[in-house]
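Residue numbers (the working numbering): 4 to 182.
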């Protein structure tokens, strides 16, 4: 999921390259009727989007554009701040950017330890990591799983999401143009 502060969900879709002809508010039934055949295709580029306070969010249902292209993630944060979160059954990813610059990124895809942080300010979240029991100096995640830790970091900067926006409420949705 990608979050950008201070813009609308529509603007975030535009920054990510949504096909304007496909952008619409859809309830969950219409969303599935229209996009179901693409939801599990890695090149389906189906997204839903919404707002949480002053943060816009996009959920990439069938693509990994921001994961595969950290420069896209940096670009969409121009003039603001952005957070990217990804996780599966084990691996997790966290990226934070401000004004078009990737400042800090953690990847449990790349390593099982909290090491080799990248970005222009890789230690940006050191105090928050320590607050949650992790030790960036030794690479120890502490008592939390990477997913739990990354979610806590996102909460620290104000990111949130109402579960019903993902599962029950009508939200903006679209198809991104292929890269």
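Cβ coordinates follow ideal geometry from the N, Cα and C atoms, glycine included.
For clarity, every value in this text was computed on a predicted model and none was experimentally measured.
- Within the DSSP secondary-structure output, residue 19 pairs in no beta bridge.
- In this structure residue 21 is not in contact with residue 49, their Cβ atoms being roughly 10 Å apart against a cut-off of 8 Å.
- Under DSSP, residue 51 takes part in a beta bridge, and its partners are 62, 176.
- Excluding its 5 nearest sequence neighbours in each direction, residue 107 has C-beta neighbours in its own chain below 7 Å: 99, 120, 122, 124, 125, 127, 128, listed in chain order.
- Looking at the DSSP output, residue 104 sits in a beta bridge with 101.
- According to the DSSP assignment, residue 27 belongs to the beta strand (DSSP E) that extends over 27-29.
- Between the segment 146-161 and the segment 39-49 there are fewer than three inter-stretch CB-CB distances shorter than 8 Å, so the stretches are not counted as touching.
- Beta bridge pairing from DSSP links residue 8 with 58.
- Taking every protein chain shown into account, the CB of residue 171 has fewer than 16 other CB atoms within 10 angstroms, so this residue is exposed.
- In terms of Cβ geometry, residue 44 and residue 65 form a close pair [threshold 7 Å].
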